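Below is one structure; the comments refer to it alone.
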Amino acid sequence: MEGKEILKGINLEVKAGEVHAIMGPNGSGKSTLANILAGKTDYEILEGEVTFQGQDLLELSPEVRSRSGIFLSFQYPVEIPGVPMINFLKASVNEHRKFKGLEPLTAGEFLKLMRAKKDMLHLDSELTNRSVNEGFSGGEKKKNEIFQMAMLEPKLAILDETDSGLDIDALRIVAEGVNALKTPENATILVTHYQRLLDYIVPDFVHVLYNGRIVKSGGKELAFELEEKGYDWIKNGNDQ
Amino acid sequence: MYDMENQDQLLNDITSQEYQYGFITDIDTDVIPKGLNEEVIRLISFKKKEPEFMLEFRLNAYRHWLKMKTPEWAHLKIPPIDFQETIYYAAPRTSPKYQNLDEVDPELLETFKKLGIPIEEQKHLAGVAVDVVMDSVSVTTTFKKVLAEKGIIFCSFSDALTEHPDLVRKYLGTSVPTTDNFFAALNSAVFSDGSFCYIPKGVRCPMELSTYFRINTAGTGQFERTLIIADDDSYVSYLEGCTAPKRDENQLHAAVVEIIAHDRAEVKYSTVQNWYPGDKNGLGGIYNFVTKRGICRGVSSKISWTQVETGSAITWKYPSCVLIGDNSVGEFNSVALTNHHQQADTGTKMIHIGKNTKSTIVSKGISAGKSDNSYRGLVKVMPGAINSRNYSQCDSLLLGSTCGAHTFPYIEVGNKSSIVEHEATTSKIGEDQIFYCNQRGISTEDAIGMIVNGYAREVLNKLPMEFAVEAQKLLAISLEGSVG
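If you read the protein sequences in the order shown, they are chains A and B.
Residue 133 in numbering that gives the first Met the number 0 sits at position 134 of the first sequence, with consecutive numbering throughout.
Residue 468 in numbering that gives the first Met the number 0 sits at position 469 of the second sequence, with consecutive numbering throughout.
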């Protein structure tokens, strides 16, 4: 992380309505890419530019990126003890509304919205009564990420290893949620190590990231090819 | 990594907000010349038209105090205090007896408004009676009649001395003796007023009793005395809240609170302390040396202290419980927040004397800026206190890299059937937690307020509703922008 160049050559265009999958072996820079788009300040940007809806994304603070419509589903959602999920979400939703010049939701409106989204994702209502991610199982944490995504309705959702640590049932629920939230107006970037998730969320494009570069791009069939031949197939052709 | 310098810079920028309750009320005040000697004490007692025993109490305390030294064992840097430079008595000259609010000094009402406690609204607020202490003399007391119907006495200490001298005489100094410590002795000698509360046998006080304190006259030490007695099978919840106007010179505050709980009685004492903490360079601010002690005298009695401490330049305070009655219970729940150059050495003492006595300590320290925050607690189980239990949890949260957090637990267990547990943690606000909030559109300032309130929730939940809301805001305001 310190003093190491992680991402070296990424050229990616994501349009509304598209689903892009970024695949790659461990350490290829997948999560770094997700974090940089969300604005985590652990990284120094040496060169390059990121344009989001005509705006220079790198100029924006993480909270403004969020309010502008970028959502990161975390690989490891952090626990915030003592902060009820419902308070956290209400603050979050109202910040987004304020940014759009809308009045904050009343308690009643907020609860109604929450119920609707829970029904849509087939979530049990218990999660929102607990503290943010505190004591959640791996599956619960990921479901909670998708629930927040549903509440915030982002224009660009970046799902970082959303499938990791999920059993097949949880994976299905999470994937169905993501599919249900898909519209022609929003876009999704799936960051994943395995092809498995792509059985449930079918991408329009697949990019293979290796050593900080996108070394191969293609349609959904690329994922199958990768699954079949393994990452060695990529590594052998690209190691300097 | 988050850049440490930037963090500290941000912390500096936003925590350098001015104290928002810094204003001075211009009321005609009756002031005794500064300095302390037997003559001053006699003058205080005379001006207050006190009974003879009270003067004796004061003089005994004063004579003992002369032989005592300021305590130096705390983890505090206390500048030398010149006790002869302090004014020991100031009372608003306005007559304290009012029939309605129109008669109250408009300046005073304005002060209440700034404090956010307009009396006219307080009167209608269900369940809250307010005995407002302005400097040293109670200016107005509400709900007295409602309470009187139940036989509850809730009045200024001066009124109690006039109307119930026997009760005062019976209990005063039984929880905190005049010789207890330097500051308690000083308070006993010179205290000017305070609150008195008596709940008769079998009575459950129907409302939260609430007192707002305020230091007002420049250079006046505030020496409050509170005495709460809960007779057999009674219950009372008592709220104490403080905001002090801004001053450049340091002000001494040495209060004493005594609680006595008889058989099966329960007393809940809650404090939100927001005295002026000094400016961001450590100039000014209140020196707060408080002695608070409750005696669970009766069987199955219970005393709980809940405090949210955000103010004062120096805080020296250990609300304690002496568990004499068998099966009695003591509780201490504390959030202590320090910022800039504030210093706090606070905690509790739980003294188990009776059998099957229980105590719980939950302490949450939050340090920011260049402040120093210490927890100091004693759990002492006497040989006769068989089957007693204590559980202590002391957490420290650090914001930034220039503050300090310390824990000094003292544990003495005198028998083999008792169990004492102590847990302690120290943590920093996680960058990951802040980023998570940022990624959901929540600003860093709001994120910190939220995380700190979450950290303190266990204690905040113990506060009565209206107090909890105030305390939450106070924590968020006191720490806006402090990145850890």
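Idealized CB from N, CA, C, for every residue including glycine.
Computed from a predicted model, the values in this text were never measured in an experiment.
Query	Result
Within 8 Å, strictly: CB atoms of serine 91/A and arginine 439/B	yes
Segment contact, 8 Å Cβ cut-off, at least three pairs: the region 160-171 of chain B with the region 59-75 of chain B	no
The beta strand (DSSP E) enclosing cysteine 393/B, as first and last residue numbers	388-397
Cα-Cα separation between tyrosine 286/B and threonine 345/B, rounded to whole angstroms	13 Å
Residue span of the beta strand (DSSP E) that contains phenylalanine 466/B, given as start and end	Run containing phenylalanine 466/B: none in the beta strand (DSSP E); it sits in the alpha helix (DSSP H), 464-478.
Stretch-stretch touch, CB-based, cutoff 8 Å, three pairs: the region 419-430 of chain B with the region 390-406 of chain B	yes
Meets three-Cβ-pair contact criterion under 8 Å: the region 401-416 of chain B and the region 432-446 of chain B	no
Cut-off 6 Å between Cβ atoms - residues of its own chain near tyrosine 230/A, not counting five sequence neighbours on either side	Pro24
Within chain B, partners of proline 80/A - CB distance below 9 Å	Ile450, Gly453, Tyr454 and Arg456
Within chain B, partners of arginine 66/A - CB distance below 8 Å	Gly440
Where histidine 201/A sits in the DSSP three-state scheme	Reading off the sequence shown, one finds valine at residue 201/A, where the question assumed histidine. Valine 201/A falls in the coil class under three-state DSSP.
Inter-stretch contact (C-beta, 8 Å, three-pair minimum) for the region 12-26 of chain A and the region 199-209 of chain A	yes
Given 8 Å, three or more beta-carbon pairs between the region 31-51 of chain A and the region 214-230 of chain A	no
Nearest candidate by alpha-carbon position, reference alanine 264/B, set Lys200/B, Ser417/B and Ser333/B	Lys200/B
Contacting residues, own chain, Cβ-Cβ under 6 Å from alanine 156/A (five flanking each side not counted)	Phe70, Met148 and Thr187
Supposed contact pair aspartate 159/A and phenylalanine 73/A - C-beta distance, whole angstroms, cut 8 Å	6 Å
Contacts that glutamate 62/A makes with chain B (C-beta to C-beta distance below 7 Å)	Asn437, Gly440, Ile441 and Ser442
Under 7 Å by beta carbon: chain A residues contacting glutamine 432/B	Val77 and Ile79
Proximity to glutamate 559/B [Cα-Cα], best of Leu478/B, Glu71/B and Gln83/B	Only positions 0 to 483 of chain B appear in the structure, and residue 559/B is not among them; the question remains open.
Under the three-state DSSP convention, the category alanine 335/B falls into	strand
Serine 299/B (DSSP reduced to helix, strand or coil)	coil
Close Cβ partners of phenylalanine 466/B (< 7 Å) along its chain, the five nearest in sequence each way excluded	Leu238, Ser269 and Val271
Beta carbon of isoleucine 259/B nearer than 8 Å to that of threonine 173/B	yes
Rounded separation between isoleucine 450/B and alanine 335/B - CA only	15 Å
Assigned secondary structure, isoleucine 85/A (DSSP; H/G/I helix, E/B strand, else coil)	helix
Which residues DSSP lists as bridging histidine 244/A, in chain order	Here chain A covers residues 0 to 239 and nothing more, so residue 244/A does not appear.
Secondary structure of threonine 161/A, DSSP reduced to three states	coil
Under the three-state DSSP convention, the category alanine 90/A falls into	helix
Contact set between aspartate 445/B and chain E, taken where Cβ atoms lie within less than 7 Å	As a matter of chain content, chain E is missing from the structure shown, whose protein chains are A and B.
DSSP-derived helix/strand/coil call for isoleucine 40/B	helix
Boundaries (first-last residue) of the beta strand (DSSP E) holding glycine 383/B	Looking at the DSSP string, glycine 383/B is not in any beta strand (DSSP E), and its letter there is neither H nor E.
With 16 other Cβ atoms within 10 Å as the buried cut-off, status of methionine 113/A	buried
Start-to-end residues for the alpha helix (DSSP H) that takes in leucine 189/A	Counting along the chain, leucine 189/A falls outside any alpha helix (DSSP H), though it belongs to the beta strand (DSSP E) covering 186-191.
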